[in-house]
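**Q** This is the structure I have questions about; it appears just below.
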Amino acid sequence: MLSAAALTTTAVLCLSSCGAPDETSGVHGASPQSASPTGTGLHPGVFKAELPNGASVRITVPARRVPDERLEQLRREAGVPRATYATVDIDNRSGRSPVSASRLVLTARDGATYQLEHVSRAVKRWQPRASGGGHVTPSGTTLDAEAAQTLRNRICATARGASGDIPVGERGRNILVGDVSGIPDSFASLELVPLIGDRESAPVQGRPEGSTGTSGEPGHSDGPGEGGPPGGGGDESSRAPAGDIPPENPLPEDPQPTGPASPAVPPDPAVPPGPVGPVVPDPVNPPPVVPDPIVPNPIVPDPDPVPTVPPVPEPPVPEPTVPGEALPDPVVPTIDPPAPGVAAAAPESREKDGRVQHGSSVLGSAGTAPAVSCLVIPVPVSPSTPGLLAAAEVPDAVPGPAHGKT
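Take the position in the sequence shown, starting the count at 1, then add 2; the result is the number in my numbering.
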């Protein structure tokens with residue numbers, strides 16, 4: 003039998019072993035408020051990200067309160083049963099181009115995705131659709147043509163008036179709306195798709211602001227006035243407390259550290275420091291000398307050659323001709339041969355007027371043309387010959403010299 007002391011010792015040991023905490027149960031029972039991505043995942047709250055254009059953003063999902071009461075009133079009148087809001091505060095003072103938030107995508111642990119998009123596109127899905135000659139809202143309410151057109155006009159005006167791109171050097175806020183009743187209390191990733199220029203850029207990962215998250219207990223859902231799904235609820239115990247920094251505050255100038263700084267490692271005393279040698283400065287290489295560019299003299303093109311015009315000779319000027327005294331052509335008298343029987347009497351008659359001398363070929367002063375010499379052969383004729391009288395009557399007959407006479 004055991005003694006009373008042994009029984010007491012055994013009972014104490016049994017009680018100690020049953021009451022000792024399990025180390026592994028402490029790991030699995032970690033608080034769900036942790037926002038570490040490697041621990042229990044991400045939780046609803048405030049996230050930060052850097053955009054490709056140099057801007058920084060602060061994302062609050064879901065929004066702690068309805069960002070715009072007029073937007074919520076329009077949702078009710080349009081018959082939209084559910085909506086979840088998120089706000090994106092953009093600091094574009096260091097950005098290089100205008101930017102806005104296009105979409106926010108949350109991926110749950112089971113692979114399901116929750117998407118919220120810019121309000122200018124989200125409200126267009128609130129418009130009533132034509133059906134069977136009438137107009138039906140998303141909740142199934144039928145509207146007449148006039149009421150439906152009025153609702154469409156209000157929705158279009160809200161889309162046009164929504165905040166869009168944030169200019170360079172400024173800060174602003176975009177509102178995102180999702181057709182979901184809420185977001186999960188724990189999700190694997192959060193990505194923001196920015197709109198730079200006129201197209202969407204690559205998504206950026208959001209990281210929790212600070213070292214801890216702002217999520218609540220499972221079943222977390224904000225009330226209608228705190229940014230949760232309108233019409234949804236949950237009791238006071240299921241609502242998450244508001245964060246320390248409200249979304250209306252501007253973004254901090256310097257990012258806060260996400261964890262404690264690692265302590266400096268002291269040097270090992272067993273290893274003596276080596277001797278310190280002289281510090282040899284790095285050789286300074288002079289920059290290469292770039293010669294000045296040689297600008298060639300401009301080439302002046304030769305002027306266009308002037309075509310050589312051949313000299314035009316002056317037309318000869320004819321000398322004036324002075325008309326002289328016209329000389330008449332010499333008249334050569336025609337001498338008919340004498341008739342036979344007249345040769346003896348003709349010399350005597352010629353000698354008397356002095357123009358012709360004995361058959362000479364030289365004319366007298368009365369004539370200028372040379373005389374024609376003729377050989378007159380005397381023919382003996384009788385006085386009764388009729389031809390003698392005819393020869394005596396011819397004045398132009400030039401008788402030749404008579405045979406035997408000088």
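Glycine residues also receive a C-beta, built at the ideal position from the N, C-alpha and C atoms.
Since the model is a prediction, treat every value here as computed from it, not as a measurement.
Here's the rule I'm using: 16 or more other beta-carbon atoms within 10 Å means buried, otherwise exposed. How should A32 be labelled?
**A** The residue you call residue 32 lines up with position 30 of the sequence shown. Since pLDDT at A32 reaches only 30, below the 50 mark, its modelled position is unreliable, and no value is offered.
**Q** Pop quiz: V1 and N94 are said to be a contact at Cβ under 8 Å. What is the actual Cβ separation, rounded to whole angstroms?
**A** Summary: the structure shown does not reach residue 1, with the chain confined to residues 3 through 408, and so no result is reported for it.
**Q** Tell me which residues share the same chain as R123 and place their Cβ nearer than 8 Å to its Cβ, disregarding the 5 neighbours each side in the sequence.
**A** One-based indexing of the sequence shown puts residue 123 at position 121. Taken in chain order, the residues that qualify are A161.
**Q** Give the list of continuous beta strand (DSSP E) stretches no shorter than 3 residues that lie fully inside the segment 115–178.
**A** Runs of the beta strand (DSSP E) inside the segment 115–178: 115–120, 131–133 and 136–138.
**Q** Hey, how far is the Cα of A183 from the Cα of P100?
**A** As a first step, residue 183 is located in the sequence shown; it is residue number 181 there, counting from the start. As a first step, residue 100 is located in the sequence shown; it is residue number 98 there, counting from the start. The sequence shown places Ser at residue 183, rather than the Ala named in the question. S183 and P100: Cα-Cα distance of roughly 32 Å.
**Q** Could you give the DSSP three-state label for R77: helix, strand or coil?
**A** Within the sequence shown, numbered from 1, the residue matching residue 77 stands at position 75. Helix.
**Q** Measure the beta-carbon distance from I1 to P64 and round it to whole angstroms, keeping in mind my assumption that it falls under 8 Å.
**A** The structure shown has nothing for residue 1, since the chain only spans 3 to 408.
**Q** Which of the three DSSP states, helix, strand or coil, is assigned to N299?
**A** Reading the sequence shown from its first residue, position 297 is the one you call residue 299. DSSP places N299 in coil when its eight states are reduced to three.
**Q** Would you kindly check if the distance between the Cβ of A57 and the Cβ of G113 is under 7 Å?
**A** On the sequence shown, residue 113 is found 111 positions in, with the first residue counted as 1. On the sequence shown, residue 57 is found 55 positions in, with the first residue counted as 1. Taking 7 Å as the Cβ cut-off, G113 and A57 do not qualify as a contacting pair.
**Q** Are the segment 43–54 and the segment 191–211 in contact at 8 Å, needing three or more beta carbon pairs?
**A** The segment 43–54, when compared against the segment 191–211, does touch it at the 8 Å Cβ threshold.
**Q** Within 10 Å of its beta-carbon, does I61 have 16 or more other beta-carbons around it, so buried, or fewer, so exposed?
**A** If you number the sequence shown from 1, residue 61 lands on position 59. Buried, by the Cβ-count rule.
**Q** Pop quiz: V90 and N176 are said to be a contact at Cβ under 8 Å. What is the actual Cβ separation, rounded to whole angstroms?
**A** Mapped onto the sequence shown, residue 90 falls at position 88. Mapped onto the sequence shown, residue 176 falls at position 174. Confirmed, Cβ separation roughly 5 Å.
**Q** Put R72 into one of helix, strand or coil per three-state DSSP.
**A** Position 70 of the sequence shown holds residue 72. Residue state, collapsed to three classes: helix.
**Q** Grab me the residues of T139's own chain with a C-beta within less than 7 Å of its C-beta, minus the 5 sequence neighbours each way, in chain order.
**A** Along the sequence shown, one-based indexing puts residue 139 at 137. Here the set comprises A80, G81, P130 and L145.
**Q** Starting from V291, trace the beta strand (DSSP E) in both directions and tell me its first and last residue.
**A** Taking the first residue of the sequence shown as 1, we reach residue 291 at position 289. It is not in any beta strand (DSSP E) - V291 carries neither H nor E in the DSSP assignment.
**Q** Among H137, L44, H120 and L178, which residue has its Cα nearest to the Cα of R154?
**A** Stepping through the sequence shown from its first residue, residue 154 is reached at position 152. That would be H137, whose Cα lies nearest to the Cα of R154.
**Q** Please say whether A85 and R77 have beta carbons closer to each other than 7 Å?
**A** Taking the first residue of the sequence shown as position 1, residue 77 is located at position 75. Taking the first residue of the sequence shown as position 1, residue 85 is located at position 83. Yes. Within cutoff.
**Q** Can I92 and V121 be called in contact, C-beta distance under 7 Å?
**A** Locating residue 92 in the sequence shown gives position 90, counting from the first residue. Locating residue 121 in the sequence shown gives position 119, counting from the first residue. Cβ distance not < 7 Å, so I92 and V121 don't count as in contact.
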